[in-house]
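Peer 1: This is the structure I want to talk about, given as structure tokens.
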DNA sequence: CGTCTTGGTTCGGTCAATGAACCATGAGGC
DNA sequence: GCCTCATGGTTCATTGACCGAACCAAGACG
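Residue numbers (the working numbering), protein chains in the order written: chain A, 395 to 570; chain R, 395 to 570.
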């Protein structure tokens, strides 16, 4: 039985990469992992993905060593990006940049700030102030200026309504 | 009726980008367009994609202004990347880089050379000699060293068995 | 002991992908 | 003109992935 996800006969690293992360939802899960999302229910609530599909994708990503699954002391499973997963940041950023350039005009969107110098990330991934290309651990995602606080009720949307360092866990938000 | 390709409710440029180029085959078509593939039959032969799906994807990509369709004097349709499509190079490159880093060990793969200085492109997209990050128009794709000339019979594979500048049309290969 | 949360699995229905067959147009040979 | 082939599709039946809703098991909590 051949794998259903396979692009047959493509001796190409792009095809190989897309076999792993090219399925529906997969890169959005990775994006949320960069935001610090780690729990099944938070992925579920933020993405609106069917549970069965989320189970499948999390198993695939952990099986490929992109996410690491740890059962926390509380008994809840937690998922976090491995080094291999964090190497997907250029891909995630390039999609963000392209989507923002060609489809972001109708609505302003989140921006990314370089932790050290406070500069804003430009389309090419460089910090607008100091010119370096920061990795995800050096970035803070900022809400768009006129973000309505009531945009969405889920924990992740609430956590991202204030500046949030990438790769740091989504904190429990105190009831307002 | 909601669009089947939509990620509902995601106010995010990444989700927006994936709605357009996140479907199966789409980014491989874009990759081939960077290689200079322009004809329906060449995409078909190189990718092994079902005709109906290729029709659908080419219509989608031209509808979104990523590819431009021109009916050549010969009567054949030709597809080429627009400026918006060429802005997908960072995404394509990042996937190539990630796939090569984590899944390329079993088999060496194509490398990319910077036209000006001849340096080889590193994983971060920089030219190994001069340090700039070249765009696709400044790159040449090189076959892997021990490439068997008989690897695949289709025109595109043959054209890529010798060094080939990106974005230049796949030339007719003279019979050997 | 009953209820709630978490993290799933199962199931029927729907929709997209697949491969094979069919078709329309235009070019070239004769 | 007539036949044939290449190109660029469309149509169709089958398969498989995605979907939402329902169900389930284990642990926390009262």
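All residues carry an ideal CB built from backbone N, CA and C; glycine is no exception. Being a predicted model, the structure only gives us computed values, none of them experimental.
(1) How long is the line joining the alpha carbons of residue 550 of chain A and residue 428 of chain A, rounded to whole angstroms?
(2) On the criterion of 16 or more Cβ atoms from any shown chain inside 10 Å, does residue 464 of chain A qualify as buried, or is it exposed?
(3) Pair every Cβ in the stretch 406-413 of chain A with every Cβ in the stretch 449-468 of chain A, then say whether three or more of these pairs are closer than 8 Å.
(4) Is the stretch 553-562 of chain A touching the stretch 519-528 of chain A in the sense that three or more CB pairs, one from each, lie closer than 8 Å?
(5) Which two residues bound the contiguous alpha helix (DSSP H) that contains residue 452 of chain R?
(6) At 4 residues or longer, what runs of the alpha helix (DSSP H) sit wholly inside the stretch 516-568 of chain A?
(7) Measuring CA to CA, which of R/435, R/476 and R/486 is closest to residue 470 of chain R?
(8) Please report how far the alpha carbon of residue 426 of chain R lies from the alpha carbon of residue 560 of chain R, in whole angstroms.
(9) Relative to the C-alpha of residue 539 of chain R, which residue among R/548, R/557 and R/513 is closest?
(10) Taking CB distances under 9 Å as the criterion, tell me whether residue 536 of chain A reaches chain R.
(11) Restricting to Cα atoms, I'd like to know which of R/468, R/507 and R/422 is closest to residue 521 of chain R.
(12) Determine the direct distance from the alpha carbon of residue 414 of chain A to that of residue 530 of chain R, and round the result to whole angstroms.
(13) Tell me which residue opens and which closes the beta strand (DSSP E) that residue 463 of chain A is part of.
(14) Starting from residue 488 of chain A, find everything on chain R with Cβ-Cβ shorter than 7 Å and list it in chain order.
(15) Along chain R, which residues have their Cβ under 7 Å away from the Cβ of residue 410 of chain A?
(16) Taking any Cβ of chain R, which residues in the stretch 502-513 of chain A have a Cβ under 7 Å from it, in chain order?
(17) Find the residues of chain A that neighbour residue 407 of chain R, judging by a C-beta separation of less than 7 Å, and give them in chain order.
(18) Per DSSP, residue 471 of chain R forms a beta bridge with which residues?
(19) Short of 7 Å Cβ to Cβ, which residues in the stretch 429-461 of chain A face chain R?
(20) Less than 9 Å between the beta carbons of residue 452 of chain A and residue 422 of chain A, yes or no?
(21) Going straight from the alpha carbon of residue 534 of chain A to that of residue 512 of chain A, what length do you get?
(22) Confirm, please, whether the CB-CB distance from residue 416 of chain R to residue 504 of chain A is below 9 Å.
(23) Tell me the DSSP secondary structure of residue 514 of chain A in three-state form.
(24) Exposed or buried, residue 420 of chain R, counting other C-beta atoms within 10 Å across all chains shown (16 or more means buried)?
(25) Can you confirm whether residue 527 of chain A, when its beta carbon is compared against all beta carbons of chain R, has any partner nearer than 9 Å?
(26) Based on DSSP bridge pairs, tell me the residues matched to residue 507 of chain A.
(27) Could you tell me whether the Cβ of residue 422 of chain A comes closer than 9 Å to any Cβ of chain R?
(28) Taking 8 Å as the cut-off, is the C-beta of residue 496 of chain R nearer than that to any heavy atom in the ligand FMN?
Peer 2: The short version:
(1) Counting from one through the first chain, the residue named residue 550 of chain A turns up at place 156. Counting from one through the first chain, the residue named residue 428 of chain A turns up at place 34. C-alpha separation (whole angstroms): 12 Å.
(2) For the purposes of this step, residue 464 of chain A is taken as residue 70 along the first chain, with counting starting at 1. Its Cβ having fewer than 16 others within 10 Å, residue 464 of chain A is exposed.
(3) no
(4) no
(5) To locate residue 452 of chain R, count along the second chain from 1; it is residue 58. Looking at the DSSP string, the run of the alpha helix (DSSP H) that includes residue 452 of chain R is 445-457.
(6) 549-553
(7) Looking up residue 470 of chain R in the second chain gives position 76. Comparing Cα-Cα distances from residue 470 of chain R to each of R/435, R/476 and R/486, the minimum goes to R/435.
(8) Within the second chain, the letter at position 32 stands for residue 426 of chain R. Within the second chain, the letter at position 166 stands for residue 560 of chain R. The alpha-carbon atoms of residue 426 of chain R and residue 560 of chain R are separated by roughly 10 Å.
(9) As a working note, residue 539 of chain R is residue 145 in the second chain. If we check each option's Cα against that of residue 539 of chain R, R/557 comes out closest.
(10) Within the first chain, residue 536 of chain A is the residue found at index 142, counting from 1. Not an interface residue.
(11) For the purposes of this step, residue 521 of chain R is taken as the residue at position 127 of the second chain. Here the closest residue by C-alpha is R/507.
(12) For the purposes of this step, residue 530 of chain R is taken as residue 136 along the second chain, with counting starting at 1. For the purposes of this step, residue 414 of chain A is taken as residue 20 along the first chain, with counting starting at 1. Between residue 530 of chain R and residue 414 of chain A, the C-alpha separation is close to 25 Å.
(13) Walking along the first chain from the start, residue 463 of chain A turns up at place 69. First-last of the beta strand (DSSP E) with residue 463 of chain A: 461-465.
(14) By 1-based counting over the first chain, the position of residue 488 of chain A is 94. Residues of chain R passing the Cβ test: 484, 485 and 488.
(15) Within the first chain, numbered from 1, the residue matching residue 410 of chain A stands at position 16. By Cβ distance, chain R contributes 493 and 497.
(16) 503
(17) Against the second chain, residue 407 of chain R aligns to sequence position 13. The contacting residues are 490, 493, 494, 497, 498 and 503.
(18) The count along the second chain starts at 1 and reaches residue 471 of chain R at position 77. Answer is R/465, bridged to residue 471 of chain R.
(19) 442
(20) Taking the first residue of the first chain as position 1, residue 452 of chain A is located at position 58. Taking the first residue of the first chain as position 1, residue 422 of chain A is located at position 28. Not a contact, by the Cβ cut-off of 9 Å.
(21) For this step, residue 534 of chain A is matched to residue 140 along the first chain. For this step, residue 512 of chain A is matched to residue 118 along the first chain. Distance between the alpha carbons of residue 534 of chain A and residue 512 of chain A is about 9 Å.
(22) Numbered from its first residue, the first chain carries residue 504 of chain A at position 110. Numbered from its first residue, the second chain carries residue 416 of chain R at position 22. Against a cut-off of 9 Å, the Cβ pair of residue 416 of chain R and residue 504 of chain A comes out as no contact.
(23) Working through the first chain from its first residue, we reach residue 514 of chain A at position 120. DSSP places residue 514 of chain A in strand when its eight states are reduced to three.
(24) To locate residue 420 of chain R, count along the second chain from 1; it is residue 26. Result: buried.
(25) As a working mapping, residue 527 of chain A is identified with position 133 in the first chain. So, interface residue.
(26) Locating residue 507 of chain A in the first chain gives position 113, where the first residue counts as 1. A/514 and A/534, per the DSSP bridge assignment.
(27) The residue labelled residue 422 of chain A in the question sits at position 28 within the first chain. Yes - at least one Cβ of chain R is within 9 Å of the one on residue 422 of chain A.
(28) Although the ligand FMN was asked about, the structure shown includes no ligands whatsoever.
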